[in-house]
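Colleague:
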Amino acid sequence: MSDDDVDPESCRRMQREEFEVLESIYPECIASQMNDGMLKLEVPIELCDTRLVEVVPQGLSSSNKLLSSQSLRLSTLPPILLQLALPPGYPMTSPPKILSIRATHFWLSKSLLQLQGKLRDQWQAGEGVLYNWVEYIRTGDFLCELDMISSEDGMTILVYHAAPHVLAPLLQAHETSSKSLEFAKNSYPCSICLTSLKGSKCLRLSCDHIFCRSCLEDFWKLCIEEGDVGRVGCADPDCVKMGREAQEEEVARVVSEEDLQRWRWLREKRNLERGK
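Numbering-wise, the sequence shown is residues 144 to 419 according to my numbering.
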């Protein structure tokens, strides 16, 4: 079928319908509204589980990789940014045109052309492909096809970069920011008062139990006032049995500076007494 055989209005209608479906499923991936066939996508990579990521220096032999590589444990990677143009014949006779493709923090610079080729290969005449593109990037499926998965364990993600010591902190900062944003916008039941509150009103402890800040503040403040530093920790029964105490950063996020100073003093006092 040639472009002359295609009804432009039918193609425009199919493009609008495809965009509306994509926007309803992945609103966070839409960086701009579709205008005259122009569209911007910002697709984050959301790994199913926390994975080991090795940021490996480019240009070094395999025997030297570990000397200056950086190891991280991540569940997300920074977004891939796509600027697209949908031709009048898309999706019937023409594929989307990728005007630009880049990775936030330039973490994928080495393989962007390969990724662009993989995306183009997915289009079939008469079928929309934008949803497949977003899924392909979002799930990280492209990592395997771009030979970015270690052959040793089949799990470790290999990211090649000229300056691993520069890129690694950026990847870690993105991971922390993503988790904070996701946690803040969802609601969770407090294990103490059983009230369901937004994550911005709660705190997830290192053991993964979640409590509202108000309950934790009341509980920890009382323990600190009574000098019972060992109880300043997770209130979950299992964690209480294990004697799981709060980390200093967690205490600092909940109680006042005055109570934090007293908590530090109580802990140092206890440690000194134990050392006698």
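Just so you know, even glycine gets a beta-carbon here, dropped at the ideal spot from N, CA and C.
Within 10 angstroms of the Cβ of Cys188, are there 16 or more other Cβ atoms? Answer buried if so, exposed if not.
Modeller: It should be noted that the sequence gives Ile, not Cys, for residue 188. Counting Cβ neighbours within 10 Å, Ile188 comes out buried, since at least 16 surround it.
Colleague: With DSSP collapsed to three states, give me the class of Thr247.
Modeller: helix
Colleague: Any chance the stretch 220-235 sits against the stretch 338-348, with 3 or more Cβ pairs inside 8 Å?
Modeller: The stretch 220-235 vs the stretch 338-348: no contact.
Colleague: Looking at the structure shown, is Ala311 part of a helix, part of a strand, or coil, going by DSSP?
Modeller: helix
Colleague: Considering only residues of the stretch 148-176, which uninterrupted alpha helix (DSSP H) runs meet the minimum length of 4 residues and lie entirely inside it, listed in chain order?
Modeller: 151-168
Colleague: Would you mind giving the Cβ-Cβ distance between Leu310 and Val198, rounded to the nearest angstrom? I have them listed as a contact below 8 Å.
Modeller: Rounded, the Cβ-Cβ distance is 5 Å, consistent with contact.
Colleague: Compare the beta carbon distance of Arg413 and Val375 with 8 Å and say whether it is the shorter of the two.
Modeller: no
Colleague: Along the alpha helix (DSSP H) that carries Gln259, what are the first and last residues, could you check?
Modeller: Leu255 to Asp264
Colleague: Tell me the rounded alpha-carbon separation between Asn329 and Val149.
Modeller: Rounded to the nearest whole angstrom, the C-alpha separation of Asn329 and Val149 is 45 Å.
Colleague: Looking only at DSSP bridge pairs, what is Met181 linked to?
Modeller: Asn178 and Ala228
Colleague: Can you tell me whether Ser339 is helix, strand or coil according to DSSP?
Modeller: strand
Colleague: What is the rounded straight-line gap between the Cα of Lys322 and the Cα of Ser211?
Modeller: 27 Å
Colleague: To the nearest angstrom, how far is the alpha carbon of Lys240 from that of Gly386?
Modeller: Going by the C-alpha atoms only, they are around 59 Å apart.
Colleague: Within 10 angstroms of its Cβ, does Ser291 collect 16 or more other Cβ (buried), or is it exposed?
Modeller: Here the sequence assigns Met to residue 291, which means Ser is not the residue at that position. So Met291 ends up on the buried side.
Colleague: Compare the beta carbon distance of His352 and Cys377 with 8 Å and say whether it is the shorter of the two.
Modeller: yes
Colleague: What is the rounded straight-line gap between the Cα of Thr319 and the Cα of Leu224?
Modeller: Approximately 20 Å between the Cα atoms of the pair.
Colleague: Can you tell me which of the three DSSP states Arg396 falls into?
Modeller: coil
Colleague: With DSSP collapsed to three states, give me the class of Thr319.
Modeller: helix
Colleague: From which residue to which residue does the alpha helix (DSSP H) around Pro380 run?
Modeller: Pro380 to Met385
Colleague: Using 10 angstroms around the beta-carbon of Ser281, count the other beta-carbons present and answer buried if the total reaches 16, otherwise exposed.
Modeller: Per the sequence shown, the amino acid found at residue 281 is Arg instead of Ser. Burial check for Arg281: the Cβ neighbour count within 10 Å reaches 16 or more, so the residue is buried.
Colleague: Is Leu348 helix, strand or coil when you go by DSSP?
Modeller: coil
Colleague: If I follow the unbroken alpha helix (DSSP H) through Cys287, where does it start and stop?
Modeller: Asp284 to Glu288
Colleague: Quickly, what does DSSP pair Phe354 with across the bridge? List them, please.
Modeller: Leu346
Colleague: What first and last residue would you give for the alpha helix (DSSP H) that runs through Val272?
Modeller: Where Val272 is concerned, there is no enclosing alpha helix (DSSP H), given that its DSSP letter is neither H nor E.
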